[in-house]
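*Asks:*
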Amino acid sequence: MKTLLLSALLLLVPIAAGAVEPNERLANPALESRARAISEELRCLVCQNESIDESGADLAHDIRVFLRERLTAGDTNAQAIQAVVSRYGQFVLLKPPVEPATYVLWYGPPALVVVGLLGAFFWLNRRQPGAADTAPLSPEETRRLDGLMRENDG
Amino acid sequence: MKRVFYLVPLLLFMILVGYFAVSLRPGHDIHELPSAMIEKPAPAFDLAGLGESKPLALDALKGHPFVINFFASWCVPCRIEHPLLMRLAEENHLPLYGIAYKDRSGPITNLLTTFGDPYRQVGMDSDGRVGLDFGVYGVPETYVVDSQGVIRRRFVGPLTAETVDKDLLPLLKQLGQS
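Quick note, the sequences are listed as chains R and L, same order. 15 is the number of the first residue of the first sequence in my numbering; add one for each residue after it. 665 is the number of the first residue of the second sequence in my numbering; add one for each residue after it.
(1) Please specify which runs of the beta strand (DSSP E), each continuous and at least 3 residues long, are wholly inside the stretch 750–831 of chain L, giving them in chain order.
(2) Looking at the structure shown, is residue 709(L) part of a helix, part of a strand, or coil, going by DSSP?
(3) Count the other CB atoms within 10 Å of the CB of residue 74(R); is the residue buried (16 or more) or exposed (fewer)?
(4) Which bits of chain R does residue 698(L) rub up against, with CB to CB less than 7 Å?
(5) My assumption, with CB atoms under 8 Å, is that residue 53(R) sits in contact with residue 67(R). Please give the rounded CB distance.
(6) Note down the Cα distance separating residue 51(R) from residue 36(R), rounded to an integer number of angstroms.
(7) List the residues of chain B whose Cβ lies closer than 8 Å to the Cβ of residue 801(L), in chain order.
(8) How would you write the range of the alpha helix (DSSP H) that residue 686(L) sits in, first residue to last?
(9) Do residue 40(R) and residue 106(R) have their C-beta atoms closer together than 8 Å?
(10) Span of the beta strand (DSSP E) holding residue 731(L)?
(11) Compute the Euclidean distance between the alpha carbons of residue 63(R) and residue 108(R), then round it to the nearest angstrom.
(12) Relative to the C-alpha of residue 698(L), which residue among 69(R), 102(R), 110(R) is closest?
(13) Would DSSP call residue 631(L) helix, strand or coil?
(14) Which partner residues does residue 618(L) have in the DSSP bridge list?
(15) Out of 696(L), 778(L), 739(L), point me to the one whose CA is closest to residue 799(L)'s CA.
(16) Does the pairing of the stretch 85–96 of chain R with the stretch 111–121 of chain R give three or more beta-carbon distances under 8 Å?
(17) Is residue 726(L) near residue 812(L), with beta carbons less than 8 Å apart?
(18) Is there contact here, the stretch 709–716 of chain L with the stretch 744–756 of chain L, by at least three beta-carbon pairs under 8 Å?
(19) Which value, in whole angstroms, describes the spacing of the CA atoms of residue 761(L) and residue 79(R)?
(20) Check for me: the alpha helix (DSSP H) holding residue 838(L) runs from which residue to which?
(21) Can you check which of these residues, 692(L), 677(L), 739(L), is closest to residue 763(L) by C-alpha distance?
(22) Output yes or no for whether 8 Å exceeds the beta carbon distance between residue 767(L) and residue 737(L).
Take a look at the structure:
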């Protein structure tokens, strides 16, 4: 029973290993955690939908090692990322930068929502007859209405 | 005026259709990436030669346009383009240099003795570092470099007779003249 409980508990332990192989890891934990953070943002060129941190592809391994070498040599995070981008292009960034070429990508969806909301607003507004469209009842009509109401009550 | 307004969705739809038509046209591979290295100086390299042959260095190649082909003995698509490379070397005297990506001398020598050697020289990129500097993400990849050492064109995957005739050879001719 105890074994069963323990193994059930073990299933709950989150596995956050990624694809980083033990011999890739840096001895310096601070540098290693920076390297891990950067690799999560870089796309593996072979699988194209995985980060190099998750991918088991050879090229992902090479780029992970390359990143760690750059960090060990004293690169900042931005410099290390730039070194990879200058070789493989902006496609390696899983999160594309905000710049004129990507404005449509970043601002397109919110703009569409705004356009849709405006359209819906004007559409609904137009269909509801405003108070100004209806003329008030004339004295004659008021009298007729009152009469009808009284008939109904009776 | 109002009628024009009703055409907006149709217009948007047509734009979408146009986008799909461009992306899905035959012969277009959406997974093929543009190179970040085009119009940039080729990264310097100085690689050990194959077996006893002399090293392959970028500086020694400058002065005339040339073609670099990343290949490997373990690479199946490379076998597909191999006969074409042989033809180009023999008939067109293509200034073709090979970089053996993540491979060892033994298998490469085997490959080149079995299927023929189209390369003027071969450099051994055993750890794939030169490939990484070029932005190689799979073999084979082929680069056209001008006489100044600037990368002018990249071909991803095996070369075909069509791309060679329409693209590679005219570009080399143009580079050789200027």
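Every residue, glycine too, gets a C-beta built ideally from N, C-alpha and C. What you are looking at is a predicted structure, and each value in this text was computed from that prediction instead of being measured.
*Replies:* Taking the structure as given:
(1) If we require 3 residues or more, the beta strand (DSSP E) runs fully inside the stretch 750–831 of chain L come out as 760–765, 785–789, 805–809, 815–820.
(2) The DSSP-derived three-state label of residue 709(L) is coil.
(3) Only buried fits residue 74(R), as 16 or more other CB atoms lie within 10 angstroms of its CB.
(4) 103, listed in chain order.
(5) For residue 53(R) against residue 67(R), the beta-carbon gap comes to about 4 Å, under 8 Å, which counts as contact.
(6) Rounded to whole angstroms, the separation of the alpha carbons of residue 36(R) and residue 51(R) is 17 Å.
(7) The structure shown contains no chain B; its protein chains are R and L.
(8) Where residue 686(L) is concerned, the enclosing alpha helix (DSSP H) stretches over 672–687.
(9) In this structure, residue 106(R) does not lie closer than 8 Å to residue 40(R) by Cβ.
(10) 730–735 is the span of the beta strand (DSSP E), which, as asked, contains residue 731(L).
(11) Taking the straight line joining both Cα atoms gives about 9 Å.
(12) Taking only the C-alpha atoms, the option nearest residue 698(L) is 102(R).
(13) The structure shown has nothing for residue 631(L), since chain L only spans 665 to 842.
(14) Nothing can be reported for residue 618(L): it is not among the residues displayed for chain L, which extend from 665 to 842.
(15) For residue 799(L), the nearest C-alpha among the options comes from 696(L).
(16) At 8 Å Cβ cutoff, the stretches do not touch.
(17) Cβ atoms of residue 726(L) and residue 812(L): closer than 8 Å.
(18) At 8 Å Cβ cutoff, the stretches do not touch.
(19) Distance between the alpha carbons of residue 761(L) and residue 79(R): 27 Å.
(20) Note, residue 838(L): alpha helix (DSSP H), 833–841.
(21) Looking at the Cα atoms, 739(L) is the closest of the given residues.
(22) When the beta-carbon positions are compared, residue 767(L) and residue 737(L) come within less than 8 Å of each other.
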